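>
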Amino acid sequence: MTNKIVCEKCSEYAEHHIDSEVDGILVSLHLCEKHYWELRKEKLFGPLKAKTAALRAARIAACSRPDLWRELVEVIHAASPPTVIVVTGGGSSAISELLSVPGGSRTLLEAVVPYSEQALVEWLGKAPEHFCVEETALAMAMVAYRRGCALVAARKKEPGEKEEGQPAAESKDPFTLPDSHLDKVIGVACTASLVSDRPKKGGHRCHVATQTESATASYSLVLEKGVRDRPGEERLVGKLVLLAMARALRFGDLPALSLRRGETVLEHFAIADPLLVDLLDGRRAVVWSVPNGTEERQAKGEVRKGDAQISLFSLRPSLLGTHPFGVLCGSFHPLHYGHKQLREVAERILKGPVYYEMSIRNVDKPPLDFLSIDRRRAQFTDVPLVLTAAPTFAEKAAALPGVVFVVGVDTAERIVQPRYYGGSEEATRAALQSIHDAGCRFLVAGRKVGETFQTLSDIPVPPKFAALFADLFAAIRPEEFRADISSTQLRHEAAGENLV
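Add 1050 to a position in the sequence shown, counting from 1, and you land on the number used in the working numbering.
#1: Quick test of the definition: if touching needs 3 or more C-beta pairs under 8 angstroms, does the region 1444-1454 touch the region 1481-1498?
#2: Residue 1083 and residue 1065: beta carbons closer than 8 angstroms?
#3: Whole-angstrom Cβ separation of residue 1380 and residue 1400, contact assumed at under 8 angstroms?
#4: Roughly how many angstroms lie between the CA atoms of residue 1237 and residue 1528, to the nearest whole one?
#5: Any idea if residue 1176 is buried or exposed, counting beta-carbon neighbours within 10 angstroms, 16 or more meaning buried?
#6: What is the rounded straight-line gap between the Cα of residue 1283 and the Cα of residue 1249?
#7: Could you give the distance in angstroms between the alpha-carbon of residue 1199 and the alpha-carbon of residue 1338?
#8: Sorted by chain position, which residues of the same chain lie with C-beta nearer than 8 angstroms to residue 1424's C-beta, five sequence neighbours on each side aside?
#9: Excluding the five sequence neighbours on either side, which residues of its own chain have a C-beta within less than 6 angstroms of the C-beta of residue 1144, listed in chain order?
#10: Could you pull out every residue in the same chain whose Cβ sits closer than 7 angstroms to the Cβ of residue 991, ignoring the five residues on either side in sequence?
#11: For residue 1407, list the residues DSSP reports as bridge partners.
#12: Under the rule that 16 or more other beta-carbon atoms within 10 Å means buried, what is residue 1266, buried or exposed?
#13: Go ahead and label residue 1354 buried or exposed: buried means 16 or more other beta carbons lie within 10 angstroms of its beta carbon, across all protein chains shown.
#14: For residue 1239, which residues of its own chain have a beta-carbon under 6 angstroms away from its beta-carbon, when the five flanking residues on both sides are left out?
#15: My output table needs one value for residue 1229: the three-state DSSP class, helix, strand or coil.
#16: Going by the CB atoms, is the gap between residue 1435 and residue 1427 shorter than 8 angstroms?
#17: Does the region 1364-1378 touch the region 1502-1518, meaning 3 or more C-beta pairs lie closer than 8 angstroms?
#18: Might you give, ordered along the chain, the residues of its own chain that have their beta carbon closer than 6 angstroms to the beta carbon of residue 1164, omitting 5 neighbours on each side?
#19: Just to confirm, are residue 1393 and residue 1441 a CB contact at a threshold of 8 angstroms?
#20: Please name the residue or residues paired with residue 1236 in a DSSP beta bridge.
#21: What separation, rounded to the nearest whole angstrom, lies between the Cα atoms of residue 1522 and residue 1476?
#22: Tell me the DSSP secondary structure of residue 1539 in three-state form.
#23: Residues in its own chain within less than 6 angstroms of residue 1327 by CB, not counting five upstream and five downstream?
#24: Between which two residues does the beta strand (DSSP E) holding residue 1458 run?
#25: Is the Cβ of residue 1195 closer than 8 angstroms to any Cβ of chain D?
#26: In the DSSP assignment, the alpha helix (DSSP H) including residue 1420 goes from what residue to what residue?
#27: In the DSSP assignment, what residue or residues form a beta bridge with residue 1160?
#28: With three or more beta-carbon pairs closer than 8 angstroms as the criterion, would you say the region 1116-1133 touches the region 1268-1279?
#29: To which residues does DSSP link residue 1504 through a beta bridge?
#30: Tell me which residue opens and which closes the beta strand (DSSP E) that residue 1261 is part of.
#31: Which runs of the alpha helix (DSSP H) spanning at least 4 residues fall entirely within the region 1136-1197, listed in chain order?
#32: Alpha carbons only, please: which of 1341, 1471, 1054, 1124 is nearest the one belonging to residue 1304?
#33: Just the C-alpha distance for residue 1437 and residue 1403, rounded to the nearest angstrom, thanks.
#34: Determine, using beta carbons only, whether residue 1525 and residue 1391 come nearer to each other than 8 angstroms.
#35: Tell me the DSSP bridge mates of residue 1319?
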């Protein structure tokens, strides 16, 4: 009877007999099919795996070399960009890195850490819907940029000297940009949610943004949980802030971040058209965003509803085709079917074209950045959008005389209530009169507010304005238009419940 030869590594039948070197000694092995192929793969791929692991370890070590990051900071200081940095939740190590290398005073105008929610609200001028999202980082960077421009303008003036063309009194509008801002100011922002002593609802993440005179960029990173302590996560986020600064300066050959498998930085950029730069800086009142081809065909009467499927948009200083009878005003964040239905209803009522209007500046909010502007105007595929820098309707009327503003009832109420004019009835009357004198009026749609549907007749009008109000405002009947939807509701649904 023949003895059964079993595998050296298990009790299965050994189909293979090989000679192999184990710890430097040549031995004879009997192996089953499974362990035979495992040994073959180890002999073939083992050295390659070891080499790959060694290369990865060397790369991580190189990325972590302090001298590489110190050299980057030295190069940033050599460029001397006037910079305002604002960070919350993480990223403060970038400030330390910048100040630990000589030359920090040439770069940093100001570093701000609004760590509490209230502090961040005061920085932005309004509570954000979510604190650790890209949108908040972009708004923080825009405020930082505007703050940097104001500091540069103040630094250029001698004590007690009034800058040419500027009023002696400081503007009460925190988002008004001084005329003199020739230096290339950078606004840098970071909002992060990192390792803490209490559980986090969502993932550990950070959003970094930069704003310059003509460009906006954002960098978003979700960190793998449980693999770094708080200092480790903070160092990584701080380095991302430094890289964002370097990218804003258009530096190349930058150090790489020490990311784990599966971690990726999502980058978004927008280089502004000169027309948008002028609009943001207040050198232009309006800019038209027109789907390519629509303007020319509209001038010839060739555009039909649903005719254009266009993804590219032209920016124009003026409109060549038919000028609108009315404009539907909004932030369009996002544009939804209620907006589209309302525009069509307004066209039927006014018996003429109605386009869209969006202001890149709003009362008590930071101006929109170039990335957000591009994203929003890309929603308008077949109807022109006029971009303004007019946060109030008195300013809109001056920029677009003779048009009808199509608004919701909540907006109409703000237009006529003195509390939105510092409590001054005279200021309210003056604003309404200037709108009237510009040949503008309002077409007002009802809207669901809370549990009730409110219309124009529900707005309390001060008796002093009753006649002017009746002349300026007309209602859209609920049977003509009603859409119980809001952009805010859609944003909350899109964001989900895991953001804080």
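The C-beta atom is built at its ideal place from N, Cα and C for all residues, glycine as well. Note that the structure is predicted; figures quoted are calculated from it, not measured.
To lay it out plainly:
#1: In short, these stretches touch, since the Cβ pair count reaches three.
#2: Mapped onto the sequence shown, residue 1083 falls at position 33. Mapped onto the sequence shown, residue 1065 falls at position 15. Taking a C-beta distance under 8 angstroms as the contact criterion, residue 1083 and residue 1065 qualify as a contact pair.
#3: Reading the sequence shown from its first residue, position 330 is the one you call residue 1380. Reading the sequence shown from its first residue, position 350 is the one you call residue 1400. Wrong, their Cβ atoms sit about 17 angstroms apart, outside the cutoff.
#4: As a first step, residue 1237 is located in the sequence shown; it is residue number 187 there, counting from the start. As a first step, residue 1528 is located in the sequence shown; it is residue number 478 there, counting from the start. Cα to Cα, the separation comes out at about 46 angstroms.
#5: By 1-based counting over the sequence shown, the position of residue 1176 is 126. Around the beta carbon of residue 1176, fewer than 16 other beta carbons lie within 10 angstroms, which makes this residue exposed.
#6: Locating residue 1283 in the sequence shown gives position 233, counting from the first residue. Locating residue 1249 in the sequence shown gives position 199, counting from the first residue. Take the alpha-carbon of residue 1283 and the one of residue 1249: they are about 16 angstroms apart.
#7: Reading the sequence shown from its first residue, position 149 is the one you call residue 1199. Reading the sequence shown from its first residue, position 288 is the one you call residue 1338. Per the coordinates, the alpha-carbon of residue 1199 lies some 26 angstroms from the alpha-carbon of residue 1338.
#8: Within the sequence shown, numbered from 1, the residue matching residue 1424 stands at position 374. Taken in chain order, the residues that qualify are 1320.
#9: Stepping through the sequence shown from its first residue, residue 1144 is reached at position 94. Closer than 6 angstroms at the Cβ level, and outside the excluded window around residue 1144, lie 1288, 1291, 1292.
#10: Any answer about residue 991 is impossible in this case: the structure gives the chain only from 1051 up to 1550.
#11: Within the sequence shown, numbered from 1, the residue matching residue 1407 stands at position 357. According to DSSP, which records beta bridges pairwise, residue 1407 is partnered with 1379, 1436.
#12: If you number the sequence shown from 1, residue 1266 lands on position 216. Burial call: buried.
#13: Counting from one through the sequence shown, the residue named residue 1354 turns up at place 304. Below a pLDDT of 50, predicted positions are generally treated as unreliable, and residue 1354, at 42, falls in that range; the measurement from the model is reported next regardless. It counts as exposed.
#14: As a position in the sequence shown, residue 1239 is number 189, starting the count at 1. 1136, 1187, 1190, 1191, 1194, 1259.
#15: For the purposes of this step, residue 1229 is taken as residue 179 along the sequence shown, with counting starting at 1. With a pLDDT of only 45 at residue 1229, under the threshold of 50, the placement of this residue in the model should not be trusted; the figure read from the coordinates follows. Here residue 1229 sits in coil by DSSP.
#16: Translated into the one-based positions of the sequence shown, residue 1427 becomes position 377. Translated into the one-based positions of the sequence shown, residue 1435 becomes position 385. A distance below 8 angstroms separates the beta carbons of residue 1427 and residue 1435.
#17: Output reads no: the region 1364-1378 does not touch the region 1502-1518.
#18: Indexing the sequence shown from 1 puts residue 1164 at position 114. Correct list, in chain order: 1138, 1170, 1173.
#19: For the purposes of this step, residue 1393 is taken as residue 343 along the sequence shown, with counting starting at 1. For the purposes of this step, residue 1441 is taken as residue 391 along the sequence shown, with counting starting at 1. In this structure, residue 1441 does not lie closer than 8 angstroms to residue 1393 by Cβ.
#20: For the purposes of this step, residue 1236 is identified with residue 186 of the sequence shown, where counting begins at 1. According to DSSP, which records beta bridges pairwise, residue 1236 is partnered with 1133.
#21: Residue numbering aside, residue 1522 sits at position 472 when the sequence shown is read from its first letter. Residue numbering aside, residue 1476 sits at position 426 when the sequence shown is read from its first letter. In a straight line, the C-alpha of residue 1522 is about 17 angstroms away from that of residue 1476.
#22: For the purposes of this step, residue 1539 is identified with residue 489 of the sequence shown, where counting begins at 1. If DSSP states are grouped into helix, strand and coil, residue 1539 belongs with the helices.
#23: One-based indexing of the sequence shown puts residue 1327 at position 277. Counting only Cβ-Cβ distances below 6 angstroms, and skipping sequence neighbours, we find 1264.
#24: On the sequence shown, position 408 is the one that residue 1458 refers to. Start and end: 1454-1458.
#25: The question asks about chain D, but that chain is absent: this structure has only one protein chain.
#26: Here residue 1420 refers to the residue found at position 370 of the sequence shown. That run of the alpha helix (DSSP H) goes 1420-1427.
#27: By 1-based counting over the sequence shown, the position of residue 1160 is 110. In the DSSP output, where bridge partners are listed per residue, residue 1160 has 1134.
#28: With fewer than three CB-CB distances shorter than 8 angstroms, the region 1116-1133 does not count as touching the region 1268-1279.
#29: On the sequence shown, position 454 is the one that residue 1504 refers to. In the DSSP output, where bridge partners are listed per residue, residue 1504 has 1497.
#30: Position 211 of the sequence shown, counting from 1, holds the residue named residue 1261. Segment 1254-1261, the beta strand (DSSP E) holding residue 1261.
#31: Within the region 1136-1197, the complete alpha helix (DSSP H) runs of at least 4 residues fall at 1142-1150, 1154-1157, 1167-1174.
#32: Counting from 1 along the sequence shown, the entry for residue 1304 is found at position 254. Selected option, being the one with the closest Cα: 1124.
#33: For the purposes of this step, residue 1437 is taken as the residue at position 387 of the sequence shown. For the purposes of this step, residue 1403 is taken as the residue at position 353 of the sequence shown. Going from the Cα of residue 1437 to the Cα of residue 1403 covers about 17 angstroms.
#34: As a first step, residue 1525 must be located in the sequence shown, where it is residue number 475. As a first step, residue 1391 must be located in the sequence shown, where it is residue number 341. No. Outside cutoff.
#35: For this step, residue 1319 is matched to residue 269 along the sequence shown. Residue 1319 is bridged to 1267.
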